[in-house]
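Chains as they are written, first to last, in the UniProt record's numbering: chain E, 1 to 381; chain X, 1 to 105. As structure tokens, the structure follows; a few thoughts come after it.
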Amino acid sequence: MAFVSSGYNPDKPMENRISDIGPRDFNEFMPPVIKNNFGKWLYHEILEPGVLVHVAESGDEVYTVRCGTARLMSITLIREMCDIADKHCEGFLRFTTRNNVEFMVDSKDKMVALKEDLMSRKFDGGSYKFPVGGTGAGISNIVHTQGWVHCHTPATDASGTVKVIMDDLFEEFTGHNMPAPVRIAVACCLNMCGACHCSDIAVVGIHRKPPLIDHEYLDNLCEIPLAVASCPTGAVRPSKVEIDGKQFKTVAIKEERCMFCGNCYTMCPSLPLSDKEGDGIALMVGGKVSNRISMPKFSKVVVAFIPNEPPRWPTLTKTIRNIVEVYKADANKYERLGDWAERIGWERFFEKTGIEFTPHLIDDFRDPAYYTWRQSTQFKF
Amino acid sequence: MAIVEFQGKSFDVDEDGFLLKFEEWCPEWVDFCKEGEGIKELNEEHQKVIDFLQDYYKKNGIAPMVRILSKVTGFKLKHIYELFPSGPGKGACKMAGLPKPTGCV
Numbered sequence: 001m002a003f004v005s006s007g008y009n010p011d012k013p014m015e016n017r018i019s020d021i022g023p024r025d026f027n028e029f030m031p032p033v034i035k036n037n038f039g040k041w042l043y044h045e046i047l048e049p050g051v052l053v054h055v056a057e058s059g060d061e062v063y064t065v066r067c068g069t070a071r072l073m074s075i076t077l078i079r080e081m082c083d084i085a086d087k088h089c090e091g092f093l094r095f096t097t098r099n100n101v102e103f104m105v106d107s108k109d110k111m112v113a114l115k116e117d118l119m120s121r122k123f124d125g126g127s128y129k130f131p132v133g134g135t136g137a138g139i140s141n142i143v144h145t146q147g148w149v150h151c152h153t154p155a156t157d158a159s160g161t162v163k164v165i166m167d168d169l170f171e172e173f174t175g176h177n178m179p180a181p182v183r184i185a186v187a188c189c190l191n192m193c194g195a196c197h198c199s200d201i202a203v204v205g206i207h208r209k210p211p212l213i214d215h216e217y218l219d220n221l222c223e224i225p226l227a228v229a230s231c232p233t234g235a236v237r238p239s240k241v242e243i244d245g246k247q248f249k250t251v252a253i254k255e256e257r258c259m260f261c262g263n264c265y266t267m268c269p270s271l272p273l274s275d276k277e278g279d280g281i282a283l284m285v286g287g288k289v290s291n292r293i294s295m296p297k298f299s300k301v302v303v304a305f306i307p308n309e310p311p312r313w314p315t316l317t318k319t320i321r322n323i324v325e326v327y328k329a330d331a332n333k334y335e336r337l338g339d340w341a342e343r344i345g346w347e348r349f350f351e352k353t354g355i356e357f358t359p360h361l362i363d364d365f366r367d368p369a370y371y372t373w374r375q376s377t378q379f380k381f
Numbered sequence: 001m002a003i004v005e006f007q008g009k010s011f012d013v014d015e016d017g018f019l020l021k022f023e024e025w026c027p028e029w030v031d032f033c034k035e036g037e038g039i040k041e042l043n044e045e046h047q048k049v050i051d052f053l054q055d056y057y058k059k060n061g062i063a064p065m066v067r068i069l070s071k072v073t074g075f076k077l078k079h080i081y082e083l084f085p086s087g088p089g090k091g092a093c094k095m096a097g098l099p100k101p102t103g104c105v
């Protein structure tokens with residue numbers, strides 16, 4: 001398309017420049033019933049999976065219908081959401097912190113009509129556009145990252161893995177069959193953008209090979225001290241190499257000290273390490289952020305490696321399904337996955353799920369690793 | 001990667017317009033860049049920032065942290081933005097010929 005100016009003048013870039021205005025005030029976008037009862041809610045109920053009602057001191061009710069989204073979406077789909085909001089909700093809608101979309105109405109009849117409309121909308125391929133669910137003790141949306149869609153450091157894909165996991169666990173999104181909510185998160189590398197370190201089940205992309213070193217370009221593209229300082233195990237050191245009689249400043253990597261985190265590639269474009277066969281997924285379980293009953297927990301690695309199998313990642317979905325099923329059958333009410341594993345003991349967790357315990361799972365990172373070993377005779381055979 | 005020609009000199013640059021080789025830097029590079037960076041005329045203060053960035057890079061192999069840049073030049077961050085509207089990384093480092101900033105930027 002030919003260039004169409006927005007009115008910005010490249011010759012005078014600072015002229016008429018508006019900056020530091022921040023986001024719009026959220027009050028501008030509140031449905032009237034929310035605005036009128038702000039801070040005056042008495043109680044709420046979950047009427048059915050995906051549908052909540054909040055009752056205010058004034059007696060006002062607001063019905064919320066929560067729908068799953070793919071997070072990565074086109075303007076066309078956003079427009080369709082706006083059409084739904086215009087039709088049923090006076091043009092108001094909101095997104096949740098897990099990237100679900102919520103439509104709010106002020107009466108039960110409107111809610112029923114809205115829900116029916118939402119469930120009737122499908123993509124040409126057959127997927128629901130707005131599946132209703134994600135409330136209570138189920139499995140809500142998956143917090144995830146960029147993957148192969150946009151990032152340059154991933155070890156796996158995000159949108160793809162999320163779609164196959166949610167397909168597999170769809171009836172848990174539209175139901176309340178779990179002992180407690182199960183939060184799943186996906187991060188495509190160890191940077192763990194998002195919530196992997198504190199989710200009930202976490203999918204994390206990992207590498208298994210050290211970086212390649214682009215000696216000829218490294219000094220030009222990288223600030224060598226940064227690459228050295230980026231390494232958590234001290235495997236990177238500055239060095240010099242001679243190629244075709246020319247001296248190049250570069251780095252050397254002690255491969256036996258490298259654990260393939262990829263931090264040095266983040267800092268230095270000349271140290272790429274992604275690899276088709278080497279890259280894959282580590283599964284972590286047992287994290288949570290809430291303070292309910294037990295303190296917040298980090299998730300722990302239970303499967304060291306699952307290969308990348310695009311486009312459907314069958315091993316990954318099977319492993320997650322297995323963990324979810326065993327947890328569902330065995331845990332007490334209100335028990336999060338981490339609470340359950342800690343109560344029965346991790347050796348029982350591995351026994352019940354049938355997951356193989358490998359040496360990779362034993363912490364060996366610096367002094368704190370010691371505290372993850374068992375200094376007790378208390379264990380089950 | 002692209003090669004740009006300017007006033008008889010040629011520069012190897014990447015898609016963001018950063019020099020691929022610090023050694024290729026010369027005063028013409030600054031003249032070439034300034035327009036894209038929204039700078040009309042270079043004054044002593046611009047030069048002071050560029051000189052310091054280059055000295056620091058030659059000596060330490062990294063770009064200085066913003067607080068070091070501020071402290072040594074005596075320019076507050078706000079003033080650095082007035083000098084280089086794209087900021088110390090995209091603006092000043094590019095004009096000084098330093099490598100492109102990396103990390104989660």
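Just so you know, even glycine gets a beta-carbon here, dropped at the ideal spot from N, CA and C.
| Asked | Found |
| --- | --- |
| Would you list, in chain order, the members of the segment 253-282 of chain E that have their beta-carbon closer than 8 Å to a beta-carbon of chain X? | T266, M267, C268 and P269 |
| Tell me whether the beta-carbon of X/K9 lies closer than 8 Å to the beta-carbon of X/E28. | yes |
| Assuming X/D12 is part of the beta strand (DSSP E), what are its boundary residues? | K9 to V13 |
| If you reduce the DSSP assignment to three classes, tell me which class X/Y57 lands in. | helix |
| Reducing DSSP to helix, strand and coil, say where X/G87 ends up. | helix |
| Taking a cut of 7 Å between CB atoms, which residues from the segment 62-86 of chain X lie near chain E? | I62, A63 and P85 |
| Alpha carbon to alpha carbon, how far is E/R237 from X/I39? Give it in angstroms, no decimals. | 39 Å |
| Would you say E/E80 and E/L93 are within 8 Å of each other, going by their C-beta atoms? | no |
| Please report the distance separating the alpha-carbon of E/G39 from that of E/T76. | 35 Å |
| Using a Cβ-Cβ cut-off of 6 Å (strictly less than) and excluding sequence neighbours within five positions of E/I306, which residues of its own chain qualify? | G280, I281, T315 and L316 |
| Looking at X/G89 and X/Y81, is the spacing between their C-beta atoms short of 8 Å? | no |
| In angstroms with no decimal places, state the Cα-to-Cα distance between E/C258 and E/L212. | 12 Å |
| Determine the closest residue to E/V55 out of E/A329, E/D106, E/S140 and E/E216, with distance taken between C-alpha atoms. | E/D106 |
| Assign X/G38 to one of three DSSP states: helix, strand, or coil. | coil |
| Measure the beta-carbon distance from E/F260 to E/K300 and round it to whole angstroms, keeping in mind my assumption that it falls under 8 Å. | That pair is no contact at about 19 Å. |
| List the endpoints of the continuous alpha helix (DSSP H) containing E/R343. | L337 to I344 |
| Which residue or residues does DSSP assign as beta-bridge partners of E/G205? | E/I281 |
| Should X/F22 be flagged as near chain E, meaning a C-beta pair shorter than 8 Å? | yes |
| Is it true that the CB of E/V65 sits closer than 8 Å to the CB of E/V53? | no |
| Expressed to the nearest angstrom, what Euclidean distance is found between the alpha-carbon atoms of X/K59 and E/F365? | 34 Å |
| Please list the partners that X/P99 has in chain E, where partner means a Cβ-to-Cβ separation under 8 Å. | N220, L221, C222 and E223 |
| Please list, in chain order, all residues of the same chain as E/V289 whose beta carbon is under 7 Å from its beta carbon, the five residues on each side excluded. | C198 and P296 |
| Just curious, the beta strand (DSSP E) that E/R66 is in, first and last residue? | E61 to C67 |
| Any beta-carbon of chain X closer than 8 Å to the one on E/L226? | yes |
| Pick helix, strand or coil for E/E48, following the three-state DSSP scheme. | strand |
| Grab the span of the beta strand (DSSP E) containing E/I253 for me, first residue to last. | K246 to I253 |
| By the three-class DSSP mapping on this structure, what secondary structure does E/M73 have? | coil |
| What did DSSP end up calling E/L93 once you bin it into helix, strand or coil? | coil |
| Determine, using beta carbons only, whether X/V37 and X/G97 come nearer to each other than 8 Å. | Before going further, note that residue 37 of chain X is Glu rather than Val in the sequence given. No. Outside cutoff. |
| What are the boundary residues of the alpha helix (DSSP H) that includes E/P314? | P314 to D330 |
| Assign E/R183 to buried or exposed, taking buried as 16 or more other Cβ atoms, counted over all protein chains shown, within 10 Å of its Cβ. | buried |
| From the DSSP output, in three-state form, read off E/H88 for me. | helix |
| Spell out whether any CB of chain E is found under 8 Å from the CB atom of X/G91. | no |
| Please list the segments of the alpha helix (DSSP H) lying wholly inside the segment 172-221 of chain E, counting only runs of 4 or more residues, in order along the chain. | 215-221 |
| Just to make sure I have the definition right: I need the residues of chain E whose C-beta is within less than 8 Å of the C-beta of X/N60. Which are they? | P225 |
| Taking the straight line between their C-alpha atoms, what separation do you get for E/C231 and X/K100? | 20 Å |
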